[in-house]
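Numbering (our numbering), first residue to last: 127 to 394. Positions of the beta carbon are idealized from the N, C-alpha and C atoms, including for glycine. Take a look at the structure set out below.
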Ligand code: ADP
C-alpha cells in the first residue's frame with residue numbers, strides 16, 4: 127500500500143492559470159520522523175526514572191531491618207519521582223506551546239518585570255551555588271505577549287546559567303533596546319558549550335553531558351521550551367559560547383509598539 131502526498135496550487139500567469147502539483151512526501155516524511163523520534167525520546171526519558179523507582183521499591187523489602195538503607199532508598203525514590211514529575215510537566219508545556227492559541231491572553235508586558243520575576247524564581251539555586259546575578263540596561267522597555275510564558279522562558283535561561291556556572295562567578299541579565307527590538311541577554315562565566323554542540327542545544331532532550339545533566343535534574347527540554355515561547359512571540363533566540371569561558375543566550379523580541387504589525391523576521 128502506498129500513500130501519495132500531493133499539494134495542489136493554482137498560479138496565475140498573465141491571463142492563463144497554471145496548475146502546480148508538488149510532491150510533499152519529503153516534508154511529510156520528515157515530520158513523521160520528528161514525531162517518531164520525539165515519542166521514542168519521551169519513552170526513553172520516562173522509562174529511566176520509572177525503572178529506578180521499581181528497582182528501589184523492590185530493594186526496600188529485603189532492607190526493612192536496616193533503617194539507614196531504607197532512608198537512603200526512600201530518598202532516591204523521591205529524587206526519581208521529582209524528576210519524573212518535572213519531565214512530565216515539561217513535555218505537557220512543550221505540547222501546549224506547539225498548539226496555535228497560546229497567545230490568546232497577550233498583553234503589554236514590562237521587560238523589567240519579567241527580568242525581576244525570573245531572577246526571583248531562581249533565588250534558591252542562586253544562593254545554593256553562591257553565584258551573583260547582576261541585572262541592568264535600558265529600563266522601561268515593553269513587549270507584547272503572555273507574561274507567564276515570557277517569565278518561564280527567561281527563568282529557564284537563568285536556571286541554566288546558574289546550573290552551568292562555577293561557585294563565586296557572576297551572571298549578567300542585560301536589557302537593550304535598539305530600533306524596535308528588545309534584547310534580553312543572559313551571560314554566564316560557566317563551562318561553555320563546544321562549537322559542535324552549539325547547533326544542537328535547542329533540540330528536545332539534547333544534553334551536552336547526559337550523565338551530568340541527569341544527575342543535576344536536567345531534562346534537555348528547557349531550551350526547546352524557551353525557543354518555542356520566543357518564536358511564538360515573533361522573536362528569536364541566539365547563543366554565543368566559548369568552552370571554559372561562558373555562554374550568552376540572547377532573546378530578541380519586537381518592542382510592544384512594533385509587535386502588533388511585525389515579527390523580527392519581517393523587520394530585518
Ligand atoms: P537541561 O535540562 O539539560 O539543562 P536544556 O534544554 O536547558 O536542558 O539545555 C540543553 C543542554 O545545553 C544542557 O544539558 C547543557 O549541556 C547545555 N547548556 C544549556 N545552557 C547552558 C549554559 N548556560 N552553559 C553551558 N551549557 C549549557
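Exercise. In whole angstroms, what separates the C-alpha of residue 214 from that of residue 146?
Worked result: Within the chain shown, numbered from 1, the residue matching residue 214 stands at position 88. Within the chain shown, numbered from 1, the residue matching residue 146 stands at position 20. Rounded to whole angstroms, residue 214 to residue 146 spans 43 Å at the Cα level.
For this session: Given a cut-off of 9 Å, decide if residue 210 and residue 175 are closer than it, judged by their beta-carbon atoms.
Result: Indexing the chain shown from 1 puts residue 175 at position 49. Indexing the chain shown from 1 puts residue 210 at position 84. For residue 175 and residue 210, yes; Cβs fall inside 9 Å.
For this session: Tell me the start and end of each unbroken beta strand (DSSP E) in the segment 311-368 that is at least 3 residues and wholly inside, in chain order.
Result: Segments of the beta strand (DSSP E) lying fully in the segment 311-368: 362-368.
For this session: Give the DSSP bridge partners of residue 139, in chain order.
Result: Stepping through the chain shown from its first residue, residue 139 is reached at position 13. 142, per the DSSP bridge assignment.
Exercise. Beta-carbon separation of residue 347 and residue 220 under 9 Å?
Worked result: What you label residue 347 is simply residue 221 of the chain shown in a count that begins at 1. What you label residue 220 is simply residue 94 of the chain shown in a count that begins at 1. Against a cut-off of 9 Å, the Cβ pair of residue 220 and residue 347 comes out as a contact.
For this session: Could you tell me which of 280, 330, 302 sits nearest to residue 218, measuring between CA atoms?
Result: On the chain shown, position 92 is the one that residue 218 refers to. Closest by alpha carbon: 330.
Problem set entry | Limits of the beta strand (DSSP E) - the one that residue 267 falls within | Position 141 of the chain shown, counting from 1, holds the residue named residue 267. Run containing residue 267: none; DSSP gives neither H nor E here.
Exercise. In this structure, does DSSP put residue 216 in helix, strand or coil?
Worked result: Reading the chain shown from its first residue, position 90 is the one you call residue 216. Residue 216 falls in the helix class under three-state DSSP.
Exercise. Closest to residue 164 by CA distance: which of 356, 379, 332, 361 is it?
Worked result: Walking along the chain shown from the start, residue 164 turns up at place 38. Checked all of 356, 379, 332, 361; the closest Cα to residue 164 is 332.
Exercise. Going along the chain, which residues of its own chain have a beta-carbon closer than 6 Å to the beta-carbon of residue 313, five neighbours each way excluded?
Worked result: Counting from 1 along the chain shown, the entry for residue 313 is found at position 187. Same-chain partners within the cutoff: 298, 374.
Exercise. Mind checking whether residue 268 and residue 194 have CB atoms under 9 Å apart?
Worked result: For the purposes of this step, residue 268 is taken as the residue at position 142 of the chain shown. For the purposes of this step, residue 194 is taken as the residue at position 68 of the chain shown. For the 9 Å CB-CB criterion, residue 268 and residue 194 do not form a contact.
Exercise. Thinking C-alpha only, which one of 200, 334, 290, 257 is nearest residue 316?
Worked result: Here residue 316 refers to the residue found at position 190 when the chain shown is read from its first residue. Among 200, 334, 290, 257, the Cα nearest to that of residue 316 belongs to 290.
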